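Enquirer: Before we start, here is the structure in question, set down as structure tokens.
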Amino acid sequence: MDQHQKHDIKGYEFHVTGALEKDGRYRGMILLSRRGDTGESFAKPLLIETQSSFKSVHAAQIEASAYAHELIHQGAMPALLPALAGSTE
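The numbering of the sequence shown is the working numbering, which starts it at 401 and goes up by one.
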């Protein structure tokens, strides 16, 4: 995974990347390392996958970035985080 696209929006710190799937397509992934609402940092980043997959890793990264922006700006990220944190234990 290529994690060079680091973002910090409204205190949420995350990377976007694309993961190669078995069918040769790429799925966008958001790796969240810090919450913006509480400032909590995660030792192991929380993973959020996009629903769509793409033929290019660049397209998957764009989708992941857009999805992260949407979750953050619409205030949906805090509601999503408890389920994600519980799935990593």
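Ideal Cβ placement from N, Cα and C applies to all residues, glycine included. Please read these numbers as outputs of a predicted model, since none were measured by experiment.
#1: Could you tell me the alpha carbon to alpha carbon distance between Val457 and Glu463, rounded to whole angstroms?
#2: Grab the span of the alpha helix (DSSP H) containing Ser465 for me, first residue to last.
#3: Using CA atoms only, rank isn't needed, just tell me which of Thr450, Arg434, Ala479 and Leu431 is closest to Arg425.
#4: Alpha carbon to alpha carbon, what distance is there between Leu431 and Pro482?
#5: Is it buried or exposed, Ser465, if we count other Cβ atoms within 10 angstroms and call 16 or more buried?
#6: Please give the ranges of any beta strand (DSSP E) in the segment 403-438, keeping only runs that are unbroken, at least 3 residues long and fully inside the region.
#7: What would DSSP say about Ala476, mapped onto helix, strand or coil?
Expert: In this structure, then:
#1: 10 Å
#2: Val457 to His473
#3: Thr450
#4: 15 Å
#5: buried
#6: 405-409, 412-420 and 426-434
#7: coil
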